[in-house]
Amino acid sequence: MRWWDALMGRSEPARADLDALFALPSAAVTLRAATDLAPTGVGAVCFRSAEGGAFAELERDVTQLLDAGGGPPVEASEDSYGYTWLLVRRDPDMLGDLVTDLHAVNSSLEAAGFGPSLLCSLVFFAAPDGRGLALVYLYKQGTFYPFAPLPAGGAGGRAGGQAQRRDNALELQVRGAIGGELEIEPDLGRWFPLWGAPGL
402 MRWWDALMGR
412 SEPARADLDA
422 LFALPSAAVT
432 LRAATDLAPT
442 GVGAVCFRSA
452 EGGAFAELER
462 DVTQLLDAGG
472 GPPVEASEDS
482 YGYTWLLVRR
492 DPDMLGDLVT
502 DLHAVNSSLE
512 AAGFGPSLLC
522 SLVFFAAPDG
532 RGLALVYLYK
542 QGTFYPFAPL
552 PAGGAGGRAG
562 GQAQRRDNAL
572 ELQVRGAIGG
582 ELEIEPDLGR
592 WFPLWGAPGL
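What follows is the structure in structure tokens.
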């Protein structure tokens with residue numbers, strides 16, 4: 402069938418390099434030294450749920466797989482855009498375990514043929530002064546970008562009509578600090594704001 406796709410001019414999308422996630426623990430050391438941001442022990446995988454029993458069963462299997470690892474239960478939620486989030490919590494000092502969990506979720510979905518449904522993975526960081534940040538791995542691009550929402554003082558990122566805002570200066574500082582360790586997304590237009598992501 403691949404020859405038919407080639408003949409018709411259709412190409413297969415590039416596969417994400419999920420092993421890039423394993424560079425996060427090293428990058429986290431650099432990030433902490435440069436910005437005082439440290440891992441919170443929280444990460445998430447975001448994907449578009451497919452209809453049908455096969456996907457529901459796979460989602461249950463992935464959740465049970467991570468729960469069986471001895472960690473706390475995986476928290477599943479759906480956002481207002483219809484995306485499913487699997488939130489994983491680990492000891493903040495064990496970022497390697499968290500990354501392994503996120504890799505397992507992505508790999509399981511990909512192996513079952515649901516790779517096109519994967520959107521991104523996030524690992525969360527915080528500083529003593531209250532600044533927060535997520536390093537976002539874009540599945541389809543195979544790149545990372547920083548997302549740093551500014552607190553607005555209210556639920557849903559709004560307080561008294563104040564719009565959601567992000568700390569662009571911090572995001573650019575993080576890009577400069579870890580650009581030599583992670584493949585940073587060069588197109589700033591793909592640095593999507595993930596308002597309301599669980600764990601932020």
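In this text, residue positions in the sequence shown follow our numbering: the first is 402, and each later residue adds one. Glycine included, each C-beta is placed from N, C-alpha and C at the ideal position. Given the structure is predicted, the values throughout are model-derived calculations rather than measurements.
- Cβ neighbours of Leu438 within its own chain (closer than 6 Å, five residues either side excluded): Leu432, Phe526, Ala528, Leu534.
- Collapsing the DSSP output to three states places Arg491 in coil.
- In this structure, the beta-carbon distance from Leu422 to His504 falls below 9 Å.
- By the Cβ-count criterion, Tyr546 is buried, with 16 or more other Cβ atoms from all chains shown falling within 10 Å of its own Cβ.
- Annotation: the continuous beta strand (DSSP E) that includes Arg449 extends over 439-449.
- Spanning the alpha carbons of Leu589 and Ala570 requires a straight line of approximately 13 Å.
- Rounded to the nearest angstrom, the Cβ distance from Arg591 to Leu539 is 7 Å, consistent with a contact under 8 Å.
- The beta carbons of Leu496 and Ala435 sit no closer together than 9 Å.
- Ranked by how close their Cα comes to the Cα of Phe515, the residues Asp492, Cys447, Ala578 have Cys447 in first place.
- Spatial neighbours of Ala477 in its own chain (CB-CB distance under 6 Å, excluding positions within 5 residues in sequence) are listed in chain order as Leu487.
- In the structure shown, the three-state DSSP call for Val537 is strand.
- For Ala598, there is no enclosing alpha helix (DSSP H), as DSSP gives it neither H nor E.
- In this structure, Leu583 places its C-beta atom within 9 Å of the C-beta atom of Leu425.
- Sequence-distant partners of Ala578 (beyond 5 residues in either direction) whose C-beta falls short of 7 Å from its own C-beta, in its chain, are Thr431, Leu432, Ala435, Thr436.
- With respect to the 9 Å criterion, Leu499 and Pro440 are classified as neighbours on the basis of their beta carbons.
- Counting of Cβ neighbours within 10 angstroms places Pro594 among the exposed residues, the total staying below 16.
- Judged by DSSP secondary structure, Ser478 falls within the beta strand (DSSP E) whose first and last residues are 476-479.
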